[in-house]
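S.K.: Using the UniProt record's numbering, the letters of the sequence shown correspond one by one to residues 1 to 315.
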Amino acid sequence: MKKAILAVLAVCIALGAGAAFAADYPTKAVTIIVASNAGGGTDTMARLFAKFAEKYFPQPFVINNIDGAGGQRGFDALARAKKDGYTIGTLYTPHLTAHMSAKRAKYTLDDFAMLFNLVTDPGVLVVPASSPFNSIQDIIDAEKAAPGTLTGSTSGPGGDDAFALAQFNEATGCTVKSVPSTGSSNAKATVMGGHVSMGFMNLSQIESNLKAGEVRVLAMMTAKRHPNVPEIPTFAELGYKVISDSSRGFAAPAGIPEEALKKIIETFEKVLADAEFQAAAKEQLQMNVMTPEEYKAYLEDLLVVTNKAYEKDPW
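Take a look at the structure:
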């Protein structure tokens, strides 16, 4: 009888604590772990969300950049973060699943409670404005004239940029060597500084530089021309099979209080419906919203794809 009474008391205490948490949350800032360095596409997405979330969430969202190892350090940190509702973070593909396929990751998809995917960022082949290359054919001609001398900036093994470079070499017969960067802003600096022959990047990373005339995009890695840059041809139009993109979204550590998860999801929904956010996002991001359920299914499907790719050509 005594044990039964104690059990009932324990349940009542737990319910009371949960109700108190729901009423009080949040009482302090929520950290967003950004798994890349400042200035890159993922960082831009996180900061834009944090700015508009202030209108709908009673505490600020604070950015903590943890870059390195193609996002793995940041992903690991998010998976191991306290499950108290005060830490969320960014995920981006294919790096997230590529590390899992290569058995480097300390996390699994089950370690995350998916929030929303916000961005699907198309791949591009970019050169600095000072480059002698004005077309893909110019690159192929340079390869024929001096085989093995061309270099391309990428985000490293297992990333979408590295996959894109491999596709480019296979499709064109070139032997462009990958020059891995420490982050997207570093990759951009490498290209713009002329330290590599070309860059394999995402559109959002260099769109402002493109508009400023500082770089040239020679081809898009999309199935059809992109509405932001309709003047740029796709690789498919030019006769080459090179398709690549990167998704960017948010997740929380699995197991955070349901009340916290609910409030965070509600905040995302309000931000995504905000007209001012939508206008800003149109200028800065390649928006492609997925709900938590859609995002989870997308990542599970992508893991199957990267597992097969790793079996064929380990990185």
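Virtual Cβ for every residue (Gly too), placed ideally from N, Cα, C.
Starting from the C-beta of Lys-312, find all residues in its chain whose C-beta is less than 6 Å away, skip the five residues before and the five after it, and write them out in chain order.
M.R.: Excluding residues within five positions, none has a Cβ falling inside 6 Å.
S.K.: Under three-state DSSP, which class holds Met-221?
M.R.: Met-221: coil per DSSP, three-state reduction.
S.K.: Expressed to the nearest angstrom, what Euclidean distance is found between the alpha-carbon atoms of residue 341 and Ala-77?
M.R.: The structure shown does not extend to residue 341, since the chain spans only 1 to 315, so no value can be given for it.
S.K.: Where does His-99 land, buried or exposed, given buried means 16+ other C-beta within 10 angstroms?
M.R.: With 16 or more other Cβ atoms within 10 Å, it is buried.
S.K.: What does the alpha-carbon distance come out to for the pair Pro-230 and Met-198?
M.R.: The straight-line gap from Cα to Cα measures roughly 21 Å.
S.K.: Residue 374: buried (16+ other C-beta within 10 angstroms of its C-beta) or exposed?
M.R.: Residue 374 falls outside the range modelled here, since the chain spans only 1 to 315, and no answer is possible.
S.K.: Could you please give me the residues that DSSP links to Tyr-92 through a beta bridge?
M.R.: Answer is Arg-248.
S.K.: Near Ala-14, what residues of its chain come up, given a Cβ to Cβ distance below 7 Å and the 5 sequence neighbours on each side ignored?
M.R.: Note that Ala-14 scores a pLDDT of 49, beneath 50, so its modelled location is shaky and nothing firm can be said.
S.K.: Does Asp-24 pass the burial test, meaning 16 or more other C-beta atoms within 10 Å, or should it be called exposed?
M.R.: By the neighbour-count rule (16 or more Cβ atoms within 10 Å), Asp-24 is not buried but exposed.
S.K.: Can you check whether the CB of Gly-68 is closer than 9 Å to the CB of Thr-90?
M.R.: Their beta carbons are not under 9 Å apart, which means Thr-90 does not touch Gly-68 by this criterion.
S.K.: According to DSSP, simplified to helix, strand and coil, what is Ile-232?
M.R.: If DSSP states are grouped into helix, strand and coil, Ile-232 belongs with coil.
S.K.: Less than 9 Å separating the beta-carbons of Ala-35 and Phe-163?
M.R.: Taking 9 Å as the Cβ cut-off, Ala-35 and Phe-163 do not qualify as a contacting pair.
S.K.: Kindly identify the DSSP beta-bridge partner or partners of Ser-181.
M.R.: Ser-181 pairs with nothing; no bridge assigned.
S.K.: Kindly indicate which three-state DSSP category Asn-134 falls into: helix, strand or coil?
M.R.: Coil at Asn-134, not helix or strand.
S.K.: Where does Phe-117 land, buried or exposed, given buried means 16+ other C-beta within 10 angstroms?
M.R.: At residue 117 the sequence reads Asn, which differs from the Phe that was named. Classification for Asn-117: buried.
S.K.: Going by the DSSP bridge assignment, what does Asp-121 pair with across the sheet?
M.R.: Partner(s): Ser-246.
S.K.: Does the distance from the CB of Thr-222 to the CB of Gly-123 come in under 9 Å?
M.R.: In this structure, Gly-123 lies closer than 9 Å to Thr-222 by Cβ.
S.K.: What does the alpha-carbon distance come out to for the pair Thr-154 and Phe-268?
M.R.: Taking the straight line from one Cα to the other gives about 31 Å.
S.K.: When we look at the beta-carbon of Gln-137 and count the other beta-carbons within 10 Å, is it buried (16 or more) or exposed?
M.R.: Answer is exposed; the Cβ neighbour count stays below 16.
S.K.: By Cβ distance, which residues of its chain are closer than 6 Å to Tyr-295, with the 5 residues on each side in sequence left out?
M.R.: Counting only Cβ-Cβ distances below 6 Å, and skipping sequence neighbours, we find Met-114, Asn-117 and Gly-249.
S.K.: Can you give me the start and stop residues for the beta strand (DSSP E) that Asn-65 sits inside?
M.R.: Residues 61-65.
S.K.: Determine the DSSP secondary structure at Arg-73, reduced to helix, strand or coil.
M.R.: Helix, per DSSP.
S.K.: Which residues does DSSP pair with Pro-128 in a beta bridge?
M.R.: For Pro-128, which the question treats as bridged, DSSP gives the partners Val-215.
S.K.: Checking 9 Å against the spacing of the C-beta atoms, do residue 316 and Gln-286 come in under that value?
M.R.: This structure cannot settle anything about residue 316, because the visible part of the chain is limited to 1 through 315.
S.K.: Classify Ala-146 as buried or exposed, calling it buried when 16 or more other Cβ atoms lie within 10 Å of its own Cβ.
M.R.: Looking at its Cβ environment, which holds fewer than 16 other Cβ atoms inside 10 Å, Ala-146 is exposed.
S.K.: Can you say whether Ala-281 is buried or exposed, counting buried as having 16 or more other CB atoms within 10 angstroms of its CB?
M.R.: Result: buried.
S.K.: Indicate whether Asp-43 and Ile-66 have their beta-carbon atoms separated by less than 9 Å.
M.R.: No; because the gap between Cβ atoms is not below 9 Å, this pair is not in contact.
S.K.: Taking the C-alpha atoms as reference points, what is the distance between Glu-283 and Arg-47?
M.R.: Cα to Cα, Glu-283 sits roughly 14 Å from Arg-47.
S.K.: Please give the ranges of any alpha helix (DSSP H) in the region 140-187, keeping only runs that are unbroken, at least 4 residues long and fully inside the region.
M.R.: Complete alpha helix (DSSP H) runs here, min 4: 160-172.
S.K.: Does the beta-carbon of Val-215 have 16 or more other beta-carbons within 10 angstroms, so that it is buried, or is it exposed?
M.R.: The residue is buried, with at least 16 neighbouring Cβ atoms inside 10 Å.
S.K.: Please go through the same chain and pick out, in chain order, the residues whose beta-carbon is closer than 8 Å to the beta-carbon of Met-220, but skip the five residues on each side of it.
M.R.: Contacts found: Pro-122, Gly-123, Val-124, Leu-203, His-226, Val-229, Ile-232, Pro-233, Thr-234 and Phe-235.
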